[in-house]
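Participant: A single structure is presented below for examination.
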Amino acid sequence: MKPGSSLEKDVQEVYSFLLNMKDEGVVVGNTVFMTGKSGVQHEVDVYYEFSRAGIRHRVAIECKDWATPVSKGQIQEFESKLRDIGNITGVVVSRRGYQSGAQAFAKHVDILALRFDDLPTLNVLMAQRLTAVALPDETYMGEPFWIIMEVRGGKVTGSHYGFKDPGSDKRLIPLMFSKYHAERVCREAGLDAERWVVRGLPRFALRAFLLTLELYEKRMNAAAIVLYLPPGARPDAQFVAVQASREDLIREYYGQDLPSIEEAVNRGMAAAEE
Numbered sequence: 386m387k388p389g390s391s392l393e394k395d396v397q398e399v400y401s402f403l404l405n406m407k408d409e410g411v412v413v414g415n416t417v418f419m420t421g422k423s424g425v426q427h428e429v430d431v432y433y434e435f436s437r438a439g440i441r442h443r444v445a446i447e448c449k450d451w452a453t454p455v456s457k458g459q460i461q462e463f464e465s466k467l468r469d470i471g472n473i474t475g476v477v478v479s480r481r482g483y484q485s486g487a488q489a490f491a492k493h494v495d496i497l498a499l500r501f502d503d504l505p506t507l508n509v510l511m512a513q514r515l516t517a518v519a520l521p522d523e524t525y526m527g528e529p530f531w532i533i534m535e536v537r538g539g540k541v542t543g544s545h546y547g548f549k550d551p552g553s554d555k556r557l558i559p560l561m562f563s564k565y566h567a568e569r570v571c572r573e574a575g576l577d578a579e580r581w582v583v584r585g586l587p588r589f590a591l592r593a594f595l596l597t598l599e600l601y602e603k604r605m606n607a608a609a610i611v612l613y614l615p616p617g618a619r620p621d622a623q624f625v626a627v628q629a630s631r632e633d634l635i636r637e638y639y640g641q642d643l644p645s646i647e648e649a650v651n652r653g654m655a656a657a658e659e
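Numbering (this note's numbering), first residue to last: 386 to 659.
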């Protein structure tokens, strides 16, 4: 294992979580070889790219896991590599920090110089991920579900409305197939419009809800319930209510495997204890 390879894997894991927050097709890899304009092959410790508005964005990350701080000369070498590759943004992550002048030069040539401690730990990372994608605003459309969320100061807090099942005392979080039906649930439950709002769950927000649902099911005695009415139903028709497990929702409505938050947190805690 070459020096710094452990840091490279740590950085790759962090950026994979940060950059795939909205399923935007971000690609993250470590130890990638790129050919520069000079014909020379350059090794990039961690590389990611994504496309937005038809434009491809590329970022090269240099990982320095050395016993001494990164020098200005090493930043200059990295900047030369970036210039040869062309059309790519540079980031340096150092375990030991930077020597005098190194960060100033990095800023001058538009290279982001970070310490590994600047990157989030796993628990913070998971919280940021869920905050970024689990809090839909009023512009989001349901794909296919709509949900009721708590709002404070004009922004949703991340808390979902739920009602208690009289039979099991379990908290049930309703999912509806239309905004119209979700608004009816709000009215019939007598919810305060200043505190509760209807939000659509596009695919990336549904993913975040399903990640959160694991904690609801395992730690909070809560579950999801799908409320449905056929088209043209009478205004006073009762909803068809079907309790749905996280596994069923993932299989039938999301369609791809999802990671387990609990398993990820447990792995992070175990690694920290080693």
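C-beta: ideal position from N, C-alpha, C; glycine also.
Bear in mind the structure is a predicted one, so any value in this text is a computation, not a measurement.
Compare the beta carbon distance of Leu-598 and Ala-590 with 7 Å and say whether it is the shorter of the two.
Facilitator: Residue mapping note: residue 598 aligns to position 213 of the sequence shown, counting from 1. Residue mapping note: residue 590 aligns to position 205 of the sequence shown, counting from 1. Their beta carbons are not under 7 Å apart, which means Leu-598 does not touch Ala-590 by this criterion.
Participant: Within the same chain, show all residues whose beta-carbon is closer than 7 Å to that of Val-583, passing over the 5 residues directly before and after it, in chain order.
Facilitator: Your numbering for residue 583 matches position 198 in the sequence shown. So the qualifying residues of the chain are Trp-531, Ile-533, Lys-564, Ala-567, Glu-568, Cys-571.
Participant: Under a three-way DSSP split, which group does Leu-515 fall into?
Facilitator: The residue given as residue 515 occupies position 130 in the sequence shown. Note that Leu-515 scores a pLDDT of 49, beneath 50, so its modelled location is shaky and nothing firm can be said.
Participant: In whole angstroms, what separates the C-alpha of His-545 from that of Val-417?
Facilitator: Residue mapping note: residue 545 aligns to position 160 of the sequence shown, counting from 1. Residue mapping note: residue 417 aligns to position 32 of the sequence shown, counting from 1. Each residue's Cα considered, the two are about 42 Å apart.
Participant: Expressed to the nearest angstrom, what Euclidean distance is found between the alpha-carbon atoms of Leu-576 and Gly-585?
Facilitator: Sequence index remark: in the sequence shown, residue 576 carries index 191 (1-based). Sequence index remark: in the sequence shown, residue 585 carries index 200 (1-based). Cα-Cα distance, rounded: 18 Å.
Participant: Taking its Cβ as the centre, do 16 or more other Cβ atoms sit within 10 Å of Val-455, making it buried, or is it exposed?
Facilitator: If you number the sequence shown from 1, residue 455 lands on position 70. When all chains shown are included, Val-455 counts as buried.
Participant: In the DSSP output, what is Pro-559 paired with across the bridge?
Facilitator: Translated into the one-based positions of the sequence shown, residue 559 becomes position 174. DSSP lists Ile-610 as partners of Pro-559.
Participant: Which residues bound the alpha helix (DSSP H) around Gln-488?
Facilitator: What you label residue 488 is simply residue 103 of the sequence shown in a count that begins at 1. Per DSSP, Gln-488 belongs to the alpha helix (DSSP H) from 487-493.
Participant: Just verifying my parser: in three-state terms, what is the DSSP assignment at Phe-463?
Facilitator: For this step, residue 463 is matched to residue 78 along the sequence shown. Phe-463 falls in the helix class under three-state DSSP.
Participant: Based on Cα-Cα distance, which residue from Pro-529, Leu-560, Glu-632, Ile-460 lies nearest to His-493?
Facilitator: Reading the sequence shown from its first residue, position 108 is the one you call residue 493. Comparing Cα-Cα distances from His-493 to each of Pro-529, Leu-560, Glu-632, Ile-460, the minimum goes to Ile-460.
Participant: Straight-line CA distance for Ile-446 to Leu-467?
Facilitator: One-based indexing of the sequence shown puts residue 446 at position 61. One-based indexing of the sequence shown puts residue 467 at position 82. If I take the Cα positions, the gap works out to 10 Å.
Participant: In this structure, how does DSSP classify Tyr-638 when only helix, strand and coil are distinguished?
Facilitator: One-based indexing of the sequence shown puts residue 638 at position 253. It is helical.
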